[in-house]
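*Asks:* So the protein lines, in turn, are chains A and B.
This note's numbering numbers the first residue of the first sequence as 689 and each following residue consecutively.
This note's numbering numbers the first residue of the second sequence as 3 and each following residue consecutively.
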Amino acid sequence: TQTVSQSDAHVTVFEGDSVELRCNYSYGGSIYLSWYIQHHGRGLQFLLKYYSGNPVVQGVNGFEAEFSKSDSSFHLRKASVHWSDSAVYFCAVSAQTGFASALTFGSGTKVIVLP
Amino acid sequence: EAAVTQSPRNKVTVTGGNVTLSCRQTNSHNYMYWYRQDTGHGLRLIHYSYGAGNLQIGDVPDGYKATRTTQEDFFLLLELASPSQTSLYFCASRAETLYFGSGTRLTVL
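1. Taking 7 Å as the CB-CB limit, is residue 55 of chain B close to chain A?
2. Using 8 Å as the cut-off, can you tell me whether the region 769-776 of chain A makes contact with the region 51-70 of chain B, which would need three or more C-beta pairs spanning the two stretches below that distance?
3. Looking at C-alpha atoms only, which residue of B:16, B:7 and B:95 is the closest neighbour of residue 109 of chain B?
4. Counting C-beta neighbours from all protein chains within 10 Å, is the total for residue 53 of chain B 16 or more, i.e. buried, or is it exposed?
5. Can you give me the start and stop residues for the beta strand (DSSP E) that residue 762 of chain A sits inside?
6. Where are the beta strand (DSSP E) runs, 3 residues long or more, that stay fully inside the region 691-779 of chain A, in chain order?
7. Could you tell me whether the Cβ of residue 51 of chain B comes closer than 7 Å to any Cβ of chain A?
8. Using the beta-carbon of each residue, which ones in chain A are nearer than 9 Å to residue 76 of chain B?
9. Please tell me whether residue 762 of chain A has its Cβ less than 7 Å away from any Cβ of chain B.
10. Are the beta-carbon atoms of residue 66 of chain B and residue 48 of chain B separated by less than 7 Å?
11. Span of the beta strand (DSSP E) holding residue 69 of chain B?
12. Helix, strand or coil: how does DSSP classify residue 87 of chain B here?
13. Residue 42 of chain B touches chain A at which residues, Cβ-Cβ below 7 Å?
14. Who are the neighbours of residue 737 of chain A on chain B, taking C-beta pairs under 7 Å?
15. Cβ of residue 82 of chain B within 6 Å of any heavy atom in the ligand COA?
16. How would you list, in chain order, the residues of chain A whose beta-carbon sits under 9 Å from the beta-carbon of residue 23 of chain B?
17. Candidates A:691, A:690, A:707 and A:692: which alpha carbon is nearest residue 798 of chain A's?
18. Exposed or buried, residue 757 of chain A, counting other C-beta atoms within 10 Å across all chains shown (16 or more means buried)?
19. Any beta carbon of chain A sitting closer than 7 Å to that of residue 47 of chain B?
20. Look up residue 40 of chain B in the DSSP assignment and say whether it is helix, strand or coil.
Below, the structure written as structure tokens:
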């Protein structure tokens, strides 16, 4: 069974600042990792994913994430945030056994971008 | 673009009531999922399915039934609703990534 932890419930930053959202997971086998964004009142939308290869993956809107097997982490970063990045961000993991393994989500990090 | 439609958007019922939440996807995806979202818990998996007639139990299935009638349609059933089932419910279908509907907010009084 896989688990995922997002240690920060809330993060507040100013527009133009950088931001890093932490995600740590536990699972003994090969793993599929992803990040999703949820704007207020909406469903979740996919940002980026990792399952093999280059540990730094690029997503939409300038987001990137870095996989670290040694740290069991998949932190999300953005160099310069925009007010529209205010949202809740969810890290998700699943065993890399194709679609048969459902995604397990973290509790989410709410990002507030101040002008 | 992948589309997942949920209905109703909002639902209020009373304790012991019978509720059906509907989800339709037009993507021909095999996998469909029902999640509930609660503050502090993120999204928790209730049930999922990999095709018509198939049902898999998720992490928080108690009090819920589900049925996948076609490739497109996946229903979540609460036959005796309780206040603890007040939540925001999301349906999703999956290719490599998940495509979510806009959610159904259920209130059980």
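Cβ coordinates follow ideal geometry from the N, Cα and C atoms, glycine included.
*Replies:* Concretely, from the data shown:
1. Chain A contact via Cβ: absent.
2. The region 769-776 of chain A and the region 51-70 of chain B do not touch, with fewer than 3 CB-CB distances between them shorter than 8 Å.
3. That would be B:16, whose Cα lies nearest to the Cα of residue 109 of chain B.
4. The residue in question, residue 53 of chain B, is exposed, as its Cβ has fewer than 16 Cβ neighbours within 10 Å.
5. Annotation: the continuous beta strand (DSSP E) that includes residue 762 of chain A extends over 761-766.
6. DSSP runs (the beta strand (DSSP E)) wholly in the region 691-779 of chain A: 691-693, 698-702, 707-709, 712-714, 719-726, 733-738, 744-746, 752-756 and 761-766.
7. Not one chain A Cβ lies under 7 Å of residue 51 of chain B.
8. What residue 76 of chain B touches in chain A, judged by beta-carbon distance under 9 Å, is nothing: the nearest beta carbon there is about 13 Å away.
9. No, residue 762 of chain A lies away from the interface with chain B (no Cβ there is under 7 Å from its Cβ).
10. Contact flag set, yes.
11. 67-70 is the extent of the beta strand (DSSP E) around residue 69 of chain B.
12. Residue 87 of chain B falls in the helix class under three-state DSSP.
13. The contacting residues are 795.
14. Against residue 737 of chain A, the close residues of chain B are 99, in the order they occur along the chain (beta-carbon pairs closer than 7 Å).
15. Annotation note on the ligand COA: not contained in the displayed structure, which lists no ligands.
16. Taking a Cβ-Cβ threshold of 9 Å, none of the residues of chain A is close to residue 23 of chain B; the smallest such distance is about 14 Å.
17. The shortest C-alpha separation from residue 798 of chain A is found at A:707.
18. Of the other Cβ atoms in all chains shown, fewer than 16 fall within 10 Å of the Cβ of residue 757 of chain A; this residue is therefore exposed.
19. Interface criterion met: the Cβ of residue 47 of chain B is under 7 Å from a Cβ in chain A.
20. In the three-state DSSP reduction, residue 40 of chain B falls in the strand class (E or B).
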